[in-house]
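Visitor: Each residue of the sequence shown is one higher than the one before, counting from 1 in the UniProt record's numbering.
Below you'll find the structure I mean.
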Amino acid sequence: MAINEIVTDPSLLPVLQTSAETQEQCQKLLSLLNPTADVSSPESPENPALAVSRQQKQLFAVLAQLRGQNRDAIFGVRDTKQSTAEARQEIDRLHLQLQNLYYEQRHLTGEIAACESYDHKYLSLPLIPVEEFLALHPEHKESNEHEIMIARINHEHAEREKLEQARQELLKRKQALIAENKKRKDDLASLDQDLERFIDLCPFTVRPNISELTSALNPDYHNNIALGTTHCANTSILYTRSNNAVMTTKNEDLGSSPQTSSDPDNTATTTMSSKTSAQRVPPPEKPETTRTRFKVIAAFWAVIIFLGLPIWWKTTSIYRAHLPFQEMVDWADGKSCRLVFPLEIQIAAPSMPDPEAQLLLRTTQHTLDDLNEFSAHHLRLKLTEDGDNTGDIKEEAHGKPDTALTVRLVPQDNLPTPRSELSPETTQLDVFYSPNQSPVPSSSNSPLSTFIAGELQRFFSEEKATIAHILSNGHTQLSENISRRLRRSLKYADTYHLAFSLFTPGPAPSSWEIQEAIEGYLSPLLEAFSPISNFTVDTQVQLYATFSPTAPLPEFDESQSAWTLKQEDLSAFVNAAEWPLSPSIGSGPTINFLLYVPDPSQSPMVVKENTATSWIIPQWGGVFLLNPPLSNENPSNPPHLSKDSLRPAFMTFSHQLLTLLGTPTTPTSLPLRLQTLIRIRAATLLLSASSTMGSLARLTESLPSIPIPATVAASVSTTLSHLSAACTHLREGRFSAALDNARVAETEAERSFFEKSMVGQVYFPDEHKVAVYLPLLGPIGVPLVVGLLKEVKRIVKGLKGR
């Protein structure tokens, strides 16, 4: 391509012209300085030195002009860069303002929603009905609803203030009555002490009469007690003196000294002290009191044993629902179900006589059995009439096994060897054969049966190896490819979320016909996947999506005439820090499909090692580099991507989706591959649910302190029933029904294993229980235990004293 076609800027065209003139002057000067030039030629000047000097002056003038134009071009480039930077800053500023407006809009929308849903307290006030309020205040009948509500609230406020004042007055009266009752209680409590003091001051022979004791209960009982005490004291003195006189007379008669009783007061005091000490000795406990105390203690312990302990045991015991542990362990160990996959292959031979068709069926079945090395996966041949290709729905409705493949035998003359054609859109295999290749009764085998058996074995070899790999039977065929495919695929889910994103480092393209592309290129595939999983689709467009600062930038490869990305740098291509790629939408996993349109200055962009424009990120999604065609008339990216321009990308996305969902690569028929995926998913879910049941059984047995709610028992029962149904359907060849039951079993198993209420008691050790119960039961238990010990001691002492 000429330089004039590359450079089209009008400001640079004079520079190119001056450069050409400079080059021409240099060529002329070199020709004059060439010593081998012919001086006698007509072109050679007569004076070479003068011609050289003239050419040098012209060259210097052209060079000066070229330097000036170069300087002007450099200044123009600087101005252009400056204006571009300013425009970029203005765009960034406007974009930031737009984002701020979006954020403010979301914030205001949230505030409006919060205000509209705000639950004000006045809505829960027990206001009187509107009719009753208007009857009390007829002046508000003409008011609107808002004014009536305010008036009702004010009325309620006034009524509550009145009630509060009344409550305060009643509270004051209550406090006064409590104080008066307390005073009278204290007076009554001091009555016992006054009576004891009164009794202590009185001798045994002198007792106050009933009227005096009764008068002590009057409000002026303190004065009566004082009078009674004085009377008692005087009586005691008189009684003592009279006794002393009698004693003196007796002593005189006996000849004793009269000085022994010379002090009557001292004698009276001694007598009173001895009588008082004798009075203060506690009397022996009555049998009725002992029996009453025993009954009280026995009642307390009876309430604790027969009422408290059962209630405590009922409220603190851990509920553990019954689980069939042995059955759960048997499922985990593979004892309850042996997985088998009997695939029914229907053979349609309308042009072949029935005896020959039966012989072909038997010989082909024998050949298949000889070639099969994996007993869990086997093919069962069944003869059917031509065109009897009943669907799975009809067969399943009658309880018949699913038809994995239909082999249609078509006779064709002059065919040296049999050949087959597999329809990419159906599950039908057409086998063309020559009539002389049919089996004969005298032969145990035929070329046709060997060919059919080999084709069937080849079609289902990858499925057989995958199932063997899942069951860990040590099958080595295709093991490396299968392991790599399983590592790249996502875990099975009922619903997947597909996120299609358009990223470009510039302002274009800013729109794409994504809806039409999905409906035209992807919807048939998603509909075919509907028996296995459901899908939701989200799309987004992100402009000015630059590379990550830490990611290596693409390099220009002259041999490929393209910008290249190294294969080891593809893992850092996605700028997860700045590109809005949601890791999860809803409950199911998200599969991201990224369509990147490079900048025109870096287009076309490919992978350096294999010139590919797409790659898969395992268990995440896929990336496709779309390089729009550029030309001199249109050197920028198109502003809009049509459905036709998106076709290569969505064809690649379809293939990537199949890979990420774990779809086998063979055979070429998509329905056959999806049927294989149904069987693989059914086996995977059944094994996963069985393993979860075993883990749950071991967990509940090793941790007896965790509760087992009834919901877990129900989920376990549902899981086991669906596991049994799935195993039955697998044995009978109904793989779609087996997948449905295995899906339910996996969901219920995960729900039972991750029950939140089961692990609450695991983090509550016995030390914490002691710390909780001891402060509560200590103050109550100690008096009861001590009282019980005293009663036991008293009973034992009484038994020993008999």
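Positions of the beta carbon are idealized from the N, C-alpha and C atoms, including for glycine.
Ordered along the chain, which non-local residues of its own chain (more than five positions away) have a Cβ less than 8 Å from that of Q542?
Guide: Here residue 542 corresponds to residue number 542 of the sequence shown, with the count starting at 1. Counting only Cβ-Cβ distances below 8 Å, and skipping sequence neighbours, we find S501, L502, F503, T504, W579, P580.
Visitor: Evaluate the contact criterion for the region 683-700 versus the region 322-333: three or more CB pairs, one atom per stretch, below 8 Å.
Guide: Touching, yes.
Visitor: Which class does K566 belong to by DSSP, given the choice of helix, strand or coil?
Guide: Here residue 566 refers to the residue found at position 566 when the sequence shown is read from its first residue. Of the three classes helix, strand and coil, the one that applies to K566 here is coil, per DSSP.
Visitor: Near Q27, what residues of its chain come up, given a Cβ to Cβ distance below 6 Å and the 5 sequence neighbours on each side ignored?
Guide: If you number the sequence shown from 1, residue 27 lands on position 27. Answer for Q27: no residue qualifies.
Visitor: If you measure between the beta carbons of D538 and K608, is that distance less than 8 Å?
Guide: Within the sequence shown, residue 538 is the residue found at index 538, counting from 1. Within the sequence shown, residue 608 is the residue found at index 608, counting from 1. Their beta carbons are not under 8 Å apart, which means D538 does not touch K608 by this criterion.
Visitor: Apart from the five residues just before and just after R751, which ones in its own chain have a Cβ nearer than 7 Å to its Cβ?
Guide: Looking up residue 751 in the sequence shown gives position 751. So the qualifying residues of the chain are S715.
Visitor: Ordered along the chain, which non-local residues of its own chain (more than five positions away) have a Cβ less than 8 Å from that of T668?
Guide: For the purposes of this step, residue 668 is taken as residue 668 along the sequence shown, with counting starting at 1. Same-chain partners within the cutoff: L422, P424.
Visitor: Within a Cβ cutoff of 6 Å, which residues of the same chain sit near L686, ignoring the five residues on either side of it in sequence?
Guide: Numbered from its first residue, the sequence shown carries residue 686 at position 686. Hits under 6 Å: A726, A742.
Visitor: Please classify Y596: is it buried, with 16 or more other beta-carbons within 10 angstroms of its beta-carbon, or exposed?
Guide: Sequence index remark: in the sequence shown, residue 596 carries index 596 (1-based). Buried, because 16 or more other Cβ atoms sit within 10 Å of the Cβ of Y596.
Visitor: Determine, using beta carbons only, whether T666 and I616 come nearer to each other than 8 Å.
Guide: Taking the first residue of the sequence shown as position 1, residue 666 is located at position 666. Taking the first residue of the sequence shown as position 1, residue 616 is located at position 616. Contact flag unset, no.
Visitor: Measuring alpha carbon to alpha carbon, tell me which of S420, P416, A404, T403 ends up nearest V410.
Guide: Counting from 1 along the sequence shown, the entry for residue 410 is found at position 410. Per the Cα distances, S420.
Visitor: Quick one: is L789 buried, meaning 16 or more other Cβ sit within 10 Å of its Cβ, or exposed?
Guide: By 1-based counting over the sequence shown, the position of residue 789 is 789. L789 comes out exposed.
Visitor: Taking Cβ to Cβ, would you say A517 is nearer than 8 Å to L646?
Guide: Start at 1 with the first residue of the sequence shown, and residue 517 comes out as number 517. Start at 1 with the first residue of the sequence shown, and residue 646 comes out as number 646. It is a contact, given that the beta carbons lie within the stated cut-off.
Visitor: Mark L553 as exposed unless 16 or more other C-beta atoms lie within 10 angstroms of its C-beta, in which case mark it buried.
Guide: The residue labelled residue 553 in the question sits at position 553 within the sequence shown. With fewer than 16 Cβ atoms within 10 Å of its Cβ, L553 is classed as exposed.
Visitor: If I measure Cβ to Cβ from A226 and keep anything under 7 Å in the same chain, skipping five residues before and after, which residues do I get?
Guide: Here residue 226 is taken as the residue at index 226 of the sequence shown, counted from 1. Summary for A226: the model assigns pLDDT 46, below 50, so the residue's position carries little reliability, and this model does not support an answer.
Visitor: The beta strand (DSSP E) with S501 in it runs from where to where?
Guide: Locating residue 501 in the sequence shown gives position 501, where the first residue counts as 1. Where S501 is concerned, the enclosing beta strand (DSSP E) stretches over 495-503.
Visitor: For V130, is the classification buried or exposed, using 16 other Cβ atoms within 10 angstroms of its Cβ as the cut-off for buried?
Guide: Here residue 130 corresponds to residue number 130 of the sequence shown, with the count starting at 1. Exposed is the call here.
Visitor: CB-CB under 7 Å to S510, same chain, minus the five flanking residues each way: which ones, in chain order?
Guide: Counted from its first residue, the sequence shown places residue 510 at position 510. These residues qualify, in order along the chain: V541, L543, P639.
Visitor: To the nearest whole angstrom, what separates the beta carbons of P600 and L641, a pair I think is in contact under 8 Å?
Guide: The residue labelled residue 600 in the question sits at position 600 within the sequence shown. The residue labelled residue 641 in the question sits at position 641 within the sequence shown. That belief does not hold up - the Cβ atoms of P600 and L641 are roughly 15 Å apart, past 8 Å.
Visitor: Quick one: give me the first and last residue of the alpha helix (DSSP H) that A572 is part of.
Guide: Looking up residue 572 in the sequence shown gives position 572. No alpha helix (DSSP H) holds A572; DSSP gives it neither H nor E.
Visitor: S614 by DSSP, collapsed to three states: which one?
Guide: To locate residue 614, count along the sequence shown from 1; it is residue 614. Three-state DSSP puts S614 in a strand.
Visitor: For E421, write down the residues that DSSP places opposite it in a beta bridge.
Guide: The residue you call residue 421 lines up with position 421 of the sequence shown. According to DSSP, E421 bridges with D430.
Visitor: Should G801 be labelled buried (16 or more other beta-carbon atoms within 10 Å of its own) or exposed?
Guide: Locating residue 801 in the sequence shown gives position 801, where the first residue counts as 1. Burial call: exposed.
Visitor: Tell me whether K756 is buried or exposed, calling it buried when 16 or more other Cβ atoms sit within 10 Å of its Cβ.
Guide: Numbered from its first residue, the sequence shown carries residue 756 at position 756. Result: exposed.
Visitor: Can you give me the start and stop residues for the alpha helix (DSSP H) that N181 sits inside?
Guide: Start at 1 with the first residue of the sequence shown, and residue 181 comes out as number 181. Residues 145-201.
Visitor: Tell me which residue opens and which closes the alpha helix (DSSP H) that K141 is part of.
Guide: Here residue 141 is taken as the residue at index 141 of the sequence shown, counted from 1. Where K141 is concerned, there is no enclosing alpha helix (DSSP H), given that its DSSP letter is neither H nor E.
Visitor: Distance check for A348 and I680, CA to CA, integer angstroms please.
Guide: Position 680 of the sequence shown, counted from the start, is the residue given in the question as residue 680. Position 348 of the sequence shown, counted from the start, is the residue given in the question as residue 348. Distance between the alpha carbons of I680 and A348 is about 27 Å.
Visitor: Can S654 and N627 be called in contact, C-beta distance under 8 Å?
Guide: By one-based count along the sequence shown, residue 654 stands at place 654. By one-based count along the sequence shown, residue 627 stands at place 627. For S654 and N627, no; Cβs fall outside 8 Å.
Visitor: Please tell me whether P648 has its Cβ less than 8 Å away from any Cβ of chain C.
Guide: No chain C appears in this structure, which consists of one protein chain only.
Visitor: Have a look at A545, L657, A649 and flag the residue whose alpha-carbon is nearest the alpha-carbon of L498.
Guide: What you label residue 498 is simply residue 498 of the sequence shown in a count that begins at 1. The option with the nearest alpha carbon to L498 is L657.
Visitor: From V796, P783, R71, pick the residue whose C-alpha is nearest to that of W301; which is it?
Guide: Within the sequence shown, numbered from 1, the residue matching residue 301 stands at position 301. Closest option to W301, Cα to Cα, is P783.
Visitor: Buried or exposed for H157, going by 16 or more other Cβ atoms inside 10 Å?
Guide: As a working note, residue 157 is residue 157 in the sequence shown. The residue is exposed, with fewer than 16 neighbouring Cβ atoms inside 10 Å.
Visitor: Looking at the structure shown, is G622 part of a helix, part of a strand, or coil, going by DSSP?
Guide: Reading the sequence shown from its first residue, position 622 is the one you call residue 622. It is a strand residue.
Visitor: Would you mind sorting Q82 into buried or exposed? The rule is 16 or more other CB atoms within 10 Å of its CB.
Guide: Locating residue 82 in the sequence shown gives position 82, counting from the first residue. Exposed: under 16 other Cβ atoms inside 10 Å.
Visitor: At the level of alpha carbons, what is the spacing between P447 and Y433?
Guide: For the purposes of this step, residue 447 is taken as residue 447 along the sequence shown, with counting starting at 1. For the purposes of this step, residue 433 is taken as residue 433 along the sequence shown, with counting starting at 1. Cα to Cα, the separation comes out at about 9 Å.
Visitor: Can G463 and T676 be called in contact, C-beta distance under 8 Å?
Guide: Here residue 463 corresponds to residue number 463 of the sequence shown, with the count starting at 1. Here residue 676 corresponds to residue number 676 of the sequence shown, with the count starting at 1. It should be noted that the sequence gives Glu, not Gly, for residue 463. It is a contact, given that the beta carbons lie within the stated cut-off.
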